[in-house]
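Structure first, then comments.
Residue numbers (UniProt numbering): 1 to 314.
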């Protein structure tokens, strides 16, 4: 498969450690997935917009060090990336606090150079994005992104190969939509119409759509023509609908998480990396479970590289 392009926002991360102090790192849902894909040997690029400050430079350096192609990132003069702060309770569940309203990532498809980003999406082997990605953009930006996504889905011919995988993780965060559930549903529906694979989390789907079960989520998403749907359900495993059948894939082991940040992002990376390598959907879900189980035993969204050894299935 040609390059995977992940689209979204990467921010400055402040996470409280066991000593009560905050450590500085960087993260963002689709960026986390891009890093884990790169660690699995996948050719991956990241598309966002950053500022011209030192933190933006550090983000670019981190991505490059992890093997992520960071060339699809225009830099906007006078802007700085968003910031989020993480606290976790005794069960490892996290709470987020954001400062991101003026982050340059919001104007990716309105900034100088957006046409080059759109062209890269059309020419990609896969485009990966999330509900958080969609929440960033104005109506104009959304129109441009969805148009590029649609073109990527129809780009296959005898010269360029099959159309791109268009992979959507719902990742619904109400605050990102200002509480406007109607707009969120409308935008999600337009994204699903242009997606070939969906990797939602059941908790998010229940909150946005009122789904009663993972099976109901699959039934609803399938009506949009999405052929492969994997519903993540935490310790309850995953429900996988692909190749005309639906199967439950339980987690291999139950762990007591230290920090659940990045659990879904890493599952998605493990799943996609395995599918790209030719694994069955069931085997890919098992790979996703293994990587997520490793990630939630460490603090922060992106765990040390050494801790990931052996966790990602190829």
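The beta carbon of each residue, even a glycine, is placed where N, CA and C say it ideally should be.
7 Å CB neighbourhood of residue i in its chain, flanking five on each side removed
i: residue 124; result: 2, 3, 4, 5, 152, 164
i: residue 260; result: 92, 93, 94, 296
i: residue 253; result: 293
i: residue 248; result: 237, 239
i: residue 243; result: 281
Anticipated Cβ contact below 8 Å, residue i with residue j, distance rounded
i: residue 129; j: residue 137; result: About 11 Å separates the two Cβ atoms, so there is no contact after all.
i: residue 49; j: residue 105; result: 5 Å
i: residue 315; j: residue 268; result: Since the first and last residues shown for the chain are 1 and 314, residue 315 lies out of range.
i: residue 231; j: residue 195; result: No, residue 231 and residue 195 are not in contact; Cβ-Cβ is about 14 Å, not under 8 Å.
i: residue 190; j: residue 141; result: The Cβ separation is near 13 Å, so there is no contact.
i: residue 15; j: residue 120; result: No, residue 15 and residue 120 are not in contact; Cβ-Cβ is about 31 Å, not under 8 Å.
i: residue 38; j: residue 7; result: No, residue 38 and residue 7 are not in contact; Cβ-Cβ is about 15 Å, not under 8 Å.
Element boundaries [beta strand (DSSP E), containing residue i]
i: residue 77; result: Per DSSP, residue 77 belongs to no beta strand (DSSP E) and is neither H nor E.
i: residue 266; result: Where residue 266 is concerned, there is no enclosing beta strand (DSSP E), although the alpha helix (DSSP H) it sits in stretches over 263-276.
i: residue 239; result: 238-242
i: residue 246; result: 245-249
i: residue 228; result: 228-232
Own chain partners of residue i with C-beta closer than 8 Å, once the 5 adjacent residues on each side are dropped
i: residue 158; result: Its pLDDT being 37, under 50, residue 158 is placed unreliably in this model, and the value from its coordinates should be taken loosely. If we look at residue 158 and ignore the five residues flanking it on each side, it has no Cβ neighbours.
i: residue 52; result: 75, 76, 77, 78, 79
i: residue 160; result: Low confidence applies to residue 160: its pLDDT is 49, below 50, so where it sits in the model is not reliable enough to give any reading.
i: residue 211; result: 202, 205, 217, 220
Other residues of its chain near residue i: CB distance less than 6 Å, five sequence neighbours each side excluded
i: residue 43; result: 3
i: residue 98; result: 84
i: residue 313; result: Residue placement at residue 313 cannot be trusted, given a pLDDT of 42 that sits under 50; the coordinates are not used to answer.
First through last residue of the alpha helix (DSSP H) which encompasses residue i
i: residue 289; result: 281-295
i: residue 220; result: 214-222
i: residue 206; result: 202-209
Inset, instruction - Would you check if there are 3 or more beta carbon pairs closer than 8 Å linking the region 108-122 to the region 64-76? - result: yes
Legend entry - Runs of beta strand (DSSP E) wholly within the region 109-184 (minimum 3 residues, chain order): 126-130, 165-169
Legend entry - At least 3 beta-carbon pairs within less than 8 Å: the region 53-65 vs the region 285-292: Contact between the region 53-65 and the region 285-292 is absent: fewer than three C-beta pairs spanning the two stretches fall below 8 Å.
Inset, instruction - Could you name each continuous beta strand (DSSP E) segment of 3 residues or more that falls completely within the region 8-58, going from the start of the chain to the end? - result: Assignment of beta strand (DSSP E) within the region 8-58, counting only whole runs of 3 or more residues, yields 11-16, 22-27, 44-47 in chain order.
Inset, instruction - Give a yes or no on contact between the region 235-252 and the region 211-227, applying the rule of three or more CB pairs nearer than 8 Å. - result: yes
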